[in-house]
Amino acid sequence: MNLAADTWCSFVIQINFILGHNMRDYTGQVLSIIAREVDEPPEELQNNPELEFADLGIDKLLSRSIITQIHKATGLELPVELFETCPTAGALISFLKNKELAGPGNEAKPNDILLNQPLSIRIHGRPGASTKNIFLLPDGSGSAMSYARVPPLGPGVCLYGLNSPFLLEPDKFPRIEEISPMWVSEIRRLQPKGPYILGGWSAGGYYGFEVAKYMMRNEKEADGQPVVIEKLILIDSPCRLLFEALPMIVVTTLADQGLMGNMKDREAPKWMLDHFNATIARIEEYMPSPLILESASQVLPQIFIIWATDSIYSPGEASAMGLDTSVKVTKFMLEGRTDFGPNGWDQLFPKGTLLAVTTTPGTHFTLMTPPFSISIASRLKDIVLGNTKQDKRLWNHRMC
Numbered sequence: 001m002n003l004a005a006d007t008w009c010s011f012v013i014q015i016n017f018i019l020g021h022n023m024r025d026y027t028g029q030v031l032s033i034i035a036r037e038v039d040e041p042p043e044e045l046q047n048n049p050e051l052e053f054a055d056l057g058i059d060k061l062l063s064r065s066i067i068t069q070i071h072k073a074t075g076l077e078l079p080v081e082l083f084e085t086c087p088t089a090g091a092l093i094s095f096l097k098n099k100e101l102a103g104p105g106n107e108a109k110p111n112d113i114l115l116n117q118p119l120s121i122r123i124h125g126r127p128g129a130s131t132k133n134i135f136l137l138p139d140g141s142g143s144a145m146s147y148a149r150v151p152p153l154g155p156g157v158c159l160y161g162l163n164s165p166f167l168l169e170p171d172k173f174p175r176i177e178e179i180s181p182m183w184v185s186e187i188r189r190l191q192p193k194g195p196y197i198l199g200g201w202s203a204g205g206y207y208g209f210e211v212a213k214y215m216m217r218n219e220k221e222a223d224g225q226p227v228v229i230e231k232l233i234l235i236d237s238p239c240r241l242l243f244e245a246l247p248m249i250v251v252t253t254l255a256d257q258g259l260m261g262n263m264k265d266r267e268a269p270k271w272m273l274d275h276f277n278a279t280i281a282r283i284e285e286y287m288p289s290p291l292i293l294e295s296a297s298q299v300l301p302q303i304f305i306i307w308a309t310d311s312i313y314s315p316g317e318a319s320a321m322g323l324d325t326s327v328k329v330t331k332f333m334l335e336g337r338t339d340f341g342p343n344g345w346d347q348l349f350p351k352g353t354l355l356a357v358t359t360t361p362g363t364h365f366t367l368m369t370p371p372f373s374i375s376i377a378s379r380l381k382d383i384v385l386g387n388t389k390q391d392k393r394l395w396n397h398r399m400c
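Just so you know, the sequence shown maps onto residues 1 to 400 in UniProt numbering.
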């Protein structure tokens with residue numbers, strides 16, 4: 001599916017609304033049961049598709065109880081990993097609506113939600129002629145929903161998250177440079193004319209950089225001029241010129257300890273870990289080449305780098321757990337940082353490129369969860385509105 005949506009489920013919900021008078025209402029019953037167990041009105045779940053069940057206190061024990069109650073009330077056979085595969089209200093609604101459409105004996109599986117997801121998700125904001133759009137490429141999880149908890153950036157700003165095209169097919173994951181055309185087609189569909197604001201968190205920084213290069217090199221406006229990448233935002237993305245790919249053992253260790261941001265005390269779903277593994281394999285092969293302008297008249301993008309300030313472990317703690325902190329990226333991700341400069345990114349842009357660097361509270365893995373996502377939203381808003389030069393205490397500007 002190649003449709004933008006407010007959430008993964010919106011297209012399915014629209015179709016179901018049209019056909020709904022002939023369908024069994026699984027959704028209403030299920031949401032009522034969940035709402036009763038977490039002491040929330042059903043409308044709170046129905047109207048807030050980005051709402052995470054973990055934030056409502058649904059752990060493994062409560063999830064089993066809820067699934068049992070749903071079965072008794074409706075006869076539905078739901079998988080025990082339901083709240084892991086469908087971690088948000090929107091994803092669950094989509095799954096339930098698919099079951100309603102499928103009919104008895106032909107129910108959709110939870111993974112169908114991922115297979116049928118759109119390539120882009122409008123996290124918040126309303127598209128319009130005067131709207132500024134930000135397109136954020138996915139982190140190692142591959143999911144645009146990583147950005148779901150970034151607060152709105154204000155009127156006139158639309159935030160889109162891009163999904164990996166290979167969420168449930170990580171074995172088909174191509175080289176990082178080869179994914180760019182897929183995302184570019186979606187970005188151009190959503191915003192046919194530049195200038196563009198691109199970015200990404202973690203591995204999303206690599207994707208954003210490659211998408212920017214591809215667009216500047218290959219995409220033209222209606223008048224034949226190259227498209228303009230106005231701004232590129234790199235959110236805690238260690239440059240491959242200086243840092244290795246993050247070892248998978250770091251991801252699994254943090255997942256086991258519930259330190260993967262949105263996962264909290266939940267077990268990370270298998271599809272997510274599989275996608276992380278595939279992402280890391282591709283990053284190991286990846287070494288970025290510099291952005292080279294095709295002509296002297298081409299506009300340079302402004303580069304914005306945001307670094308997390310907090311460490312996950314105290315000095316020596318990661319090593320004591322068997323993690324190799326002689327690997328630079330492992331130490332950089334887990335322990336205290338001292339260098340909050342460009343860290344290699346300045347070597348990838350032409351001379352004269354404006355580069356601004358700032359920091360934000362949180363660890364690498366908690367940046368997109370409250371309260372740290374509030375600071376991320378503030379930084380993004382500064383970038384979009386052009387306010388970074390006004391706060392020299394927060395932003396350090398330089399030329400490449």
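Even for Gly, the Cβ is constructed at its ideal location relative to N, Cα and C.
Practice prompt. Report the partner residues of Trp-201 according to the DSSP bridge assignment.
Written response: Counting from one through the sequence shown, the residue named residue 201 turns up at place 201. Beta-bridge partners of Trp-201 (DSSP): Ile-235.
Practice prompt. With distances taken Cα to Cα, identify the nearest neighbour of Leu-385 among Val-227, Gly-154, Gly-125.
Written response: Your numbering for residue 385 matches position 385 in the sequence shown. The option with the nearest alpha carbon to Leu-385 is Gly-154.
Fill in: For Glu-52, the residue or residues it bridges with in DSSP
Taking the sequence shown and counting its residues from 1, the one referred to as residue 52 is at position 52. Answer by DSSP bridge pairing, in chain order: Thr-88.
Worksheet entry | Same chain only: Cβ atoms within 7 Å of Cys-239, ignoring 5 sequence neighbours per side | On the sequence shown, position 239 is the one that residue 239 refers to. Cβ neighbours of Cys-239 beyond the five flanking positions: Asn-343, Gly-344, Trp-345.
Item to complete: Label Leu-115 either buried or exposed according to how many other C-beta atoms from any shown protein chain fall within 10 Å of its C-beta, with 16 as the threshold for buried.
Response: Working through the sequence shown from its first residue, we reach residue 115 at position 115. Because Leu-115 sits at a pLDDT of 45, beneath the cut-off of 50, its placement in the model cannot be relied upon, and the point is left open.
Discussion item. Measuring straight from C-alpha to C-alpha, what distance separates Phe-349 and Pro-226?
Written reply: Within the sequence shown, the letter at position 349 stands for residue 349. Within the sequence shown, the letter at position 226 stands for residue 226. Roughly 17 Å separates the two Cα atoms.
Worksheet item: Along the chain, where does the beta strand (DSSP E) that runs through Lys-132 open and close?
Response: Your numbering for residue 132 matches position 132 in the sequence shown. Counting along the chain, the beta strand (DSSP E) containing Lys-132 begins and ends at 132-137.
Worksheet item: Is the region 237-253 in contact with the region 196-215, if contact means three or more CB pairs nearer than 8 Å?
Response: The answer is yes - the region 196-215 touches the region 237-253, with three or more Cβ pairs under 8 Å.
Worksheet entry | Three-state class that DSSP yields for Trp-271 in the structure shown | Stepping through the sequence shown from its first residue, residue 271 is reached at position 271. Three-state DSSP puts Trp-271 in a helix.
Fill in: Selected residue, minimal CA-CA separation from Phe-209, among Leu-92, Phe-276, Phe-135
Position 209 of the sequence shown, counting from 1, holds the residue named residue 209. Of Leu-92, Phe-276, Phe-135, the smallest CA-CA separation from Phe-209 is found for Phe-135.
Discussion item. DSSP has Gln-302 in a bridge; who is on the other side?
Written reply: Locating residue 302 in the sequence shown gives position 302, where the first residue counts as 1. Answer is Lys-231, bridged to Gln-302.
Fill in: Given Ser-63 as reference, the closest of Gly-75, Leu-51, Ala-73, Pro-79 once Cα atoms are compared
Looking up residue 63 in the sequence shown gives position 63. Considering only Gly-75, Leu-51, Ala-73, Pro-79, the residue with the shortest C-alpha distance to Ser-63 is Pro-79.
Worksheet entry | Buried versus exposed, by CB contacts within 10 Å (16 or more), Ser-146 | Position 146 of the sequence shown, counted from the first residue, corresponds to residue 146. Under this definition Ser-146 is a buried residue.
Worksheet item: What residues match up with Thr-359 in a beta bridge as DSSP calls it?
Response: If you number the sequence shown from 1, residue 359 lands on position 359. The bridge partners DSSP lists for Thr-359 are Trp-307.
Discussion item. Taking the straight line between their C-alpha atoms, what separation do you get for Thr-353 and Gly-341?
Written reply: Looking up residue 353 in the sequence shown gives position 353. Looking up residue 341 in the sequence shown gives position 341. Rounded to whole angstroms, Thr-353 to Gly-341 spans 15 Å at the Cα level.
Worksheet item: Between which two residues does the alpha helix (DSSP H) carrying Met-248 extend?
Response: Position 248 of the sequence shown, counted from the start, is the residue given in the question as residue 248. Start and end: 248-256.
Worksheet item: Got a sec? Which residues, its chain only, sit under 6 Å from Glu-285 by beta carbon, not counting five neighbours each side?
Response: Within the sequence shown, residue 285 is the residue found at index 285, counting from 1. Here Glu-285 has no same chain residue with a Cβ atom under 6 Å from its own Cβ, once five neighbours each way along the sequence are excluded.
Discussion item. In the DSSP assignment, the alpha helix (DSSP H) including Arg-398 goes from what residue to what residue?
Written reply: Within the sequence shown, residue 398 is the residue found at index 398, counting from 1. Counting along the chain, Arg-398 falls outside any alpha helix (DSSP H), though it belongs to the beta strand (DSSP E) covering 396-399.
Worksheet item: Do Leu-168 and Ser-143 come within 8 Å of each other at the CB atom, strictly closer than that value?
Response: Residue 143 sits at position 143 when you count from the first residue of the sequence shown. Residue 168 sits at position 168 when you count from the first residue of the sequence shown. Not in contact: Ser-143 and Leu-168 (Cβ atoms no closer than 8 Å).
Discussion item. Between Ile-233, Val-30, Ala-212, which has its C-alpha nearest Ser-289's C-alpha?
Written reply: In the sequence shown, residue 289 corresponds to position 289, counting from 1. If we check each option's Cα against that of Ser-289, Ala-212 comes out closest.
Worksheet item: Looking at the structure shown, is Pro-288 part of a helix, part of a strand, or coil, going by DSSP?
Response: What you label residue 288 is simply residue 288 of the sequence shown in a count that begins at 1. Three-state result, Pro-288: coil.
Discussion item. Check for me: the alpha helix (DSSP H) holding Tyr-28 runs from which residue to which?
Written reply: Locating residue 28 in the sequence shown gives position 28, where the first residue counts as 1. In the sequence under discussion, the amino acid at residue 28 is Gly, which differs from the Tyr named in the question. For Gly-28, the enclosing alpha helix (DSSP H) stretches over residues 26-38.
Discussion item. I'd like to know if the region 45-55 and the region 78-95 are in contact, where contact means that at least 3 CB-CB pairs between them fall below 8 Å.
Written reply: Using a Cβ-Cβ distance cut-off of 8 Å, the region 45-55 and the region 78-95 are in contact, since at least three pairs of beta carbons, one from each stretch, lie closer than that value.
Item to complete: Answer yes or no: do Ser-120 and His-275 have a C-beta to C-beta separation smaller than 8 Å?
Response: One-based indexing of the sequence shown puts residue 120 at position 120. One-based indexing of the sequence shown puts residue 275 at position 275. If you check the CB distance, Ser-120 and His-275 do not come in under 8 Å.
Worksheet item: Exposed or buried, which one is residue 403 when buried takes at least 16 other CB atoms within 10 Å?
Response: Residue 403 lies beyond the range of the chain shown here (1 to 400); nothing can be said about it.
Item to complete: Out of Phe-173, Pro-127, Trp-271, state which residue places its alpha-carbon closest to the alpha-carbon of Gly-156.
Response: Numbered from 1 along the sequence shown, position 156 holds the residue referred to as residue 156. The shortest Cα separation from Gly-156 among Phe-173, Pro-127, Trp-271 belongs to Pro-127.
Fill in: Residue from Thr-330, Thr-279, Ser-314, Thr-74 with nearest C-alpha to Glu-177
Residue numbering aside, residue 177 sits at position 177 when the sequence shown is read from its first letter. Measuring from the Cα of Glu-177, the nearest candidate turns out to be Thr-279.
Item to complete: Measure the beta-carbon distance from Thr-360 to Thr-309 and round it to whole angstroms, keeping in mind my assumption that it falls under 8 Å.
Response: Along the sequence shown, one-based indexing puts residue 360 at 360. Along the sequence shown, one-based indexing puts residue 309 at 309. Approximately 7 Å separates the beta-carbon atoms of Thr-360 and Thr-309; this is inside 8 Å, confirming the contact.
Worksheet item: For Thr-388, which residues of its own chain have a beta-carbon under 6 Å away from its beta-carbon, when the five flanking residues on both sides are left out?
Response: Against the sequence shown, residue 388 aligns to sequence position 388. In chain order, Ala-356, Asp-382, Trp-395 place their CB closer than 6 Å to the CB of Thr-388, counting only its own chain and leaving out the 5 sequence neighbours on each side.
Discussion item. So, under 8 Å CB-CB, Phe-304 and Lys-231 are touching, yes? Tell me the CB distance rounded to an integer number of Å.
Written reply: If you number the sequence shown from 1, residue 304 lands on position 304. If you number the sequence shown from 1, residue 231 lands on position 231. Taking C-beta atoms under 8 Å as the contact rule, Phe-304 and Lys-231 qualify, at a distance of about 6 Å.
Item to complete: Using three-state DSSP, classify Leu-76 as helix, strand or coil.
Response: Residue 76 sits at position 76 when you count from the first residue of the sequence shown. Coil.
Item to complete: With DSSP as the reference, label Val-157 as helix, strand or coil.
Response: Position 157 of the sequence shown, counted from the start, is the residue given in the question as residue 157. When DSSP states are grouped into helix, strand and coil, Val-157 belongs to the strand group.
Practice prompt. May I ask you to list the residues that DSSP assigns as paired with residue 412?
Written response: Because the chain spans 1 through 400 in this model, residue 412 falls outside it and cannot be assessed.
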